[in-house]
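Number of protein chains: 2
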Amino acid sequence: MTEIPKPAVVLVQPQMGENIGAAARAMRNFALEEMRLVAPRDGWPNPRAEAMASGAGVVLEAATLHDDTAGAVADLTHVYATTARPREMIKPVMTPEAAVADARARLARGERVGFLFGPERSGLANEDVLLAHTVVTVPANPQFPSLNLAQCVLLTSYEWGRQSSEAPLERFDPGPAGPATRRMVLHLLDRLEGELDDTGFFHPPEKRPAMSTNLRNLFLRAPLTDAEVRTLHGVVRALAEKRRRAP
Amino acid sequence: MTEIPKPAVVLVQPQMGENIGAAARAMRNFALEEMRLVAPRDGWPNPRAEAMASGAGVVLEAATLHDDTAGAVADLTHVYATTARPREMIKPVMTPEAAVADARARLARGERVGFLFGPERSGLANEDVLLAHTVVTVPANPQFPSLNLAQCVLLTSYEWGRQSSEAPLERFDPGPAGPATRRMVLHLLDRLEGELDDTGFFHPPEKRPAMSTNLRNLFLRAPLTDAEVRTLHGVVRALAEKRRRAP
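Chains as they are written, first to last, in the working numbering: chain A, -12 to 234; chain B, -12 to 234.
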């Protein structure tokens, strides 16, 4: 996946410095970089924002300050307004998932995009939503949809990270030992069955094939490491020797 | 999509009551219901958890209390351990997205599953991870991966909600007025072009087809409501009358 530009996060009239800091952390968690602040209530810079941001201070340092929302989105070609509740204004409504996919497509073809987030208490005013092309609403439980500012920024940033990630959906990390080869596991099974044959475990004899299949399935379906197979060899040896020493 | 059972959220030795309350809110935001608490530091019930949970108190009221992690997961058939950092123990590692998809498949075939979350300060202990089948790690920015307990529960719950949602990815809500029909928009365009013909707007005449196409594309690609088309009719009439009245 080629590197594409990233969306701006526009906080409109944020009230608490702590929430600006928490939003910066959420952005940095998923590698969003560009914060724009519209008329923060307590002025700017804000020591409480800096204290909360801690390791994400780099986002605050690069943040730009704007007098009004129109100024903050002036250079953008597509604006998304995050709102919790339906609006009377007529706009397409997207989930964060769909909005981020839409934003990625726009960014890839050279557009500049941004997501608006409203003040903690009231959310975005209608005149701010009017500046947006698209409304974004998190599909939360209708019986309890309330998400705070930093949580909304976190979920949007997470969607950005999720859709940008090159990570495979699942991986098995065998650690420094490395994964066991099929031959190693089969050798272990042969040894185990040999010892079990000596004990009379496979009884009656006509059940031996089914019992062997069960045993082999058990060990062959697990992702085993080299070291684990060596450990199991030791277990088989130890049990077998104990039995041989028994009277 | 048929209703399937839901995963349990297991908080292992949570420290701050506020975080238990915030986790309950995050669960309720995305309709997760079953919280299990393993030896919370400050005992249980915890007034601080209740104060923070507010509208999500129903999750706390239904929460079960357990002495140890083994007891909390005893009835589960598949356990996911959320950890921020790689572990020496050998387990498959999944993103929240893949883990929730895996959990949904297991739940749909009758399994019972749960997600473990560790204490705020230290995360899950190795002996807790050992009880899990699968490790879940949020694919955060490697330069700033730190997420707190409630944020981890929120992202996992969000994935549950996102993958459970029947909501379409995009919808256009035309409001009470309803969307405009194609006929209404075309009638508006005919009227507009008629008025513009009178003004000499389409000049030179050989450019008329291209100019008309541009104008029609502009209005036909936008999702217009009934009320908006009526408004535009009014705009055309007003401008035309002003022109007629002009000397």
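No residue lacks a Cβ here, since even glycine has one placed at the ideal position from N, Cα and C. No experiment lies behind these values; they were computed from the predicted model shown.
Spatially closest choice to residue i from the options, by CA coordinates
i, options, result
"Trp303/A", "His220/A, Val100/A and Asp55/A", "Nothing about residue 303/A can be read from this structure; chain A reaches only from -12 to 234."
"Phe104/A", "Thr121/A, Pro129/A, Val172/A and Arg178/A", "Thr121/A"
"Asp115/A", "Thr218/A, Val172/A, Ala18/A and Ala57/A", "Ala57/A"
"Gly8/B", "Thr212/B, Leu142/B, Pro34/B and Ala127/B", "Pro34/B"
"Leu117/A", "Thr69/A, Asn135/A, Glu107/A and Thr186/A", "Thr69/A"
"Lys(-7)/B", "Ala26/B, Ala85/B and Leu94/B", "Leu94/B"
"Ala225/A", "Ala49/A, Leu111/A, Thr124/A and Glu182/A", "Glu182/A"
"Thr143/A", "Val87/A, Gly187/A and Glu215/A", "Val87/A"
"Asn204/A", "Leu63/A, Arg169/A and Glu107/A", "Arg169/A"
"Met109/B", "Gln130/B, Pro126/B, Val125/B and Asn135/B", "Checking the sequence shown, residue 109/B turns out to be Ser, not Met. Of Gln130/B, Pro126/B, Val125/B and Asn135/B, the residue nearest in Cα terms is Asn135/B."
Identified DSSP bridge partners for residue i
i, result
"Leu103/A", "Val(-3)/A and Ala68/A"
"Met22/B", "Val(-4)/B"
"Thr212/B", "Pro166/B"
"Thr121/B", "Tyr67/B"
"Leu52/A", "Leu24/A"
Residue i versus residue j - alpha carbon distance
i, j, result
"Ala90/B", "Tyr67/B", "9 Å"
"Met3/A", "Met39/B", "18 Å"
"Ser41/B", "Leu207/B", "47 Å"
"Met171/A", "Gln138/B", "42 Å"
"Pro79/A", "Val(-1)/A", "21 Å"
"Thr200/B", "Asn6/A", "48 Å"
"Val45/A", "Glu37/A", "10 Å"
"Gly187/A", "Glu180/A", "10 Å"
"Ala(-5)/B", "Met14/A", "28 Å"
"Thr212/A", "Ala49/A", "46 Å"
"Ala214/B", "Ala227/B", "20 Å"
"Gly165/A", "Arg217/A", "12 Å"
"Ala197/A", "Asp184/A", "14 Å"
"Leu140/B", "Val125/B", "The sequence given here has Val at residue 140/B, not Leu. Answer to the nearest angstrom: the Cα atoms are 11 Å apart."
"Pro192/A", "Ser152/B", "54 Å"
"Leu156/B", "Thr82/A", "Note on Leu156/B: pLDDT 44, under 50, position unreliable in the model; the coordinate value appears next. Rounded to the nearest angstrom, the two C-alpha atoms are 6 Å apart."
"Arg232/B", "Asp62/A", "39 Å"
"Asn113/B", "Glu20/B", "27 Å"
"Ala59/B", "Leu175/A", "35 Å"
"Ala26/A", "Val(-3)/A", "11 Å"
"Asn128/A", "Leu173/A", "50 Å"
"Gln130/B", "Val123/A", "28 Å"
"Leu202/B", "Arg230/B", "20 Å"
Nonlocal neighbours in the same chain, by C-beta distance under 8 Å from residue i, ignoring five residues either side
i, result
"Arg178/A", "His220 and Val223"
"Ile(-9)/B", "Arg91, Leu94 and Ala95"
"Arg195/B", "Phe189"
"Leu47/A", "Ile7, Gly8, Ala11, Met22, Pro32, Ala36, Glu37 and Ala40"
"Leu111/A", "Val(-1), Ala68, Thr69, Thr70, Leu103, Phe104 and Gly105"
Cβ shell of residue i (< 6 Å), same chain only, five flanking positions each side left out
i, result
"Arg28/A", "Gln2"
"Asp55/B", "none"
"Ala43/B", "Ala11, Arg12 and Arg15"
"Thr51/B", "Arg23"
"Glu84/B", "Glu146"
"Thr(-11)/A", "Note that Thr(-11)/A scores a pLDDT of 49, beneath 50, so its modelled location is shaky and nothing firm can be said."
Sequence-distant residues of its chain with Cβ nearer than 7 Å to residue i (five each side left out)
i, result
"Ala18/A", "Gly148"
"Glu98/A", "Thr64 and His65"
"Pro132/A", "Ala71"
"Pro106/A", "Val(-1), Gln0, Pro1 and Gln2"
"Trp31/A", "Leu24 and Leu52"
"Ala119/A", "Val66, Tyr67, Ala68, Lys78 and Leu103"
"Gln150/A", "Val87, Ala88 and Arg91"
heavy atom of the ligand NAP below 7 Å from residue i C-beta
i, result
"Arg224/B", "Of ligands this structure carries none, so the ligand NAP is not represented either."
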